[in-house]
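Right, one structure below, let's go through it.
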Amino acid sequence: MCIDCGCGTDPNHSHHHNHEHEHGHDHEHDEKNSRTIRIEEDLLAKNNRLANNNRTRFSAGQLLVLNLVSSPGSGKTSILERTLTDLKKQIDFAVLEGDQQTTNDADRIAATGVAVKQINTGAGCHLDAHMIGHGVEGFDLAATDILMIENVGNLVCPASFDLGEDHKVVVLSVTEGEDKPLKYPQMFQAADLMLINKIDLLPYLRFDLEQCKTFARQVNPEIEIMELSCHSGEGMTAWYDWLAAGVARKAARSAIKTFPRHPPLATRHAPRERTTKE
Ligand SMILES: Nc1nc2c(ncn2[C@@H]2O[C@H](COP(=O)(O)OP(=O)(O)OP(=O)(O)O)[C@@H](O)[C@H]2O)c(=O)[nH]1
Ligand SMILES: [Mg+2]
Ligand SMILES: [Zn+2]
Ligand SMILES: [Zn+2]
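For the sequence shown, the residue numbers in my numbering are 7 to 284.
Here's what the structure looks like:
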C-alpha cells in the first residue's frame, strides 16, 4: 500500500481519483450543488496534502521543480527539447511529460538523452500531485538539478492543482492572441514566469506584445516575462540564465542547511546552570 495515497506502490497501477459518481436518486439541487462543492474541496485538500509531501521530498535534495503550463501547442515540448539539448552538459535534468494520450512528447524528450517518463491522464485534463509522486519513482532525484514537468495542454484547471513545484511557468505563444491573460486569469496569477514563445512569427501576425505584457501584469503584477523563440533561439539566453540562477539558489539554500552559520537553537538556548541560594 502507498502510505500517502492508499493505492498500490506499483507505479504502473492505474486508478482514477477524480471520477464522479452517479447517484441514481433524486435530491434537491442545493444539496447536489453543495455536495459537488464538498467533493471539489476534498479533492483539492487531498491534492494539497500530497503536493506538500512532494515538496518535502523535493526539498530534501537541491531539486528545482518547474511546472510548465499552457494551452495545447504553445511550444512547451519544443522549449524543453532546445533547453535540454543546450544545457544538459551543465545541468542534470529529469522530465515528466503529461498528456491525455500518446508518448509523442516523451519520445521527443528521450531523443535528447535526458531521463523522461510519460504520464497519460486518459480523460483527465491536468496532472495532480498524486501522479507526480508516483511519476518520480525511479528517477535519481539526488542526482538531478531540475525536474521539468510538462502539464497537459490546458489553460484552465492545471492552475488549481499544486504539484509540489517551485514555480509554475506559463507559456503563451504569439499565435494565441494577446488577451489570454485576461481570459484565463487564474493561470497567469498562479505563474511566476511567463514565456512568450514563437516571437519569430511576429512579423506575420497582428499580436500586440506590449499589450499582452500589460494584460499579464494586470492580473499578476509580480509575474516575470520573457520573450523567446525556441526555433530561432532568440531570447533563450535569458531563460537559461533564469534556470541557472534557480539552481544556484537551491544549492545555496541547501549549503546553509548543511553548514548553519549560527549554532543550533538547542545550544543557544541551553538551560543555564542554576545557582541555588540556601
Ligand atoms: N514558429 C515557431 N513555431 C514553434 C515554436 N515553438 C514551437 N513551435 C511549433 O509549435 C507546434 C507545437 O509545439 P509543441 O512543442 O509540440 O507544443 P506543446 O505546447 O508541447 O503542445 P502540447 O504538448 O500538445 O500541448 C510545433 O509545430 C512546433 O514546431 C517557435 O518558437 N516558433
Ligand atoms: Mg507537448
Ligand atoms: Zn498512489
Ligand atoms: Zn482538469
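Backbone N, C-alpha and C define an ideal beta-carbon position, used for all residues, glycine too.
For a test of your reading of the model: does the CB of residue i fall under 7 Å from any non-hydrogen atom of ligand 5? Yes or no.
i	result
H237	Only ligand 1, ligand 2, ligand 3 and ligand 4 can be found as ligands here, which leaves ligand 5 out of the picture.
Using only CA atoms, which one of the options lies nearest to residue i?
i	options	result
R6	T181, M242, H237 and N73	One cannot answer for residue 6 here, as it falls past the ends of the chain, which runs 7 to 284.
V176	V71, T62, V75 and L70	V75
L69	F145, M193 and P227	F145
D185	G159, G104, Q217 and Q107	Q217
C163	G170, Q192, G183 and E156	Q192
G159	R223, S77, D113 and N53	S77
K219	L178, S235 and D168	L178
W248	L72, G141 and L50	L72
D172	I229, G252 and K204	G252
G130	A116, I115, V142 and N157	N157
G170	R61, I115 and I202	R61
Can you give me the start and stop residues for the beta strand (DSSP E) that residue i sits inside?
i	result
S84	It is not in any beta strand (DSSP E) - S84 instead sits in the alpha helix (DSSP H) that spans K82 to L93.
A100	F99 to D105
I231	E230 to E233
Helix, strand or coil, according to DSSP, for residue i in the structure here?
i	result
E28	The predicted position of E28 is uncertain, since its pLDDT is 46 and thus under 50; a value taken from the coordinates is nonetheless stated next. Coil.
L72	strand
A121	strand
N53	helix
N126	strand
A66	coil
D146	coil
P78	coil
N60	helix
H132	coil
H237	coil
G159	coil
I'd like the span of the alpha helix (DSSP H) that includes residue i, first residue to last.
i	result
E216	L215 to V225
I155	From DSSP, I155 is part of no alpha helix (DSSP H) but of the beta strand (DSSP E) over I152 to E156.
A116	N110 to A116
Within the same chain, show all residues whose beta-carbon is closer than 8 Å to that of residue i, passing over the 5 residues directly before and after it, in chain order.
i	result
L208	V180 and L215
Q107	N126 and G128
Report all residues from its chain with a CB closer than 7 Å to the CB of residue i; omit the five preceding and five following residues, and keep chain order.
i	result
D98	A149, T150 and D151
L50	S166
Going by beta carbon distance, what residues of the same chain come within less than 6 Å of residue i, once the five residues before and after it are set aside?
i	result
N226	F194 and Q195
A100	A121, F145, T150 and L153
A257	Q68
F221	P187 and L188
key: Start-end ranges of the beta strand (DSSP E) lying completely within the segment 167-212, minimum 3 residues   = 173-179 and 199-203
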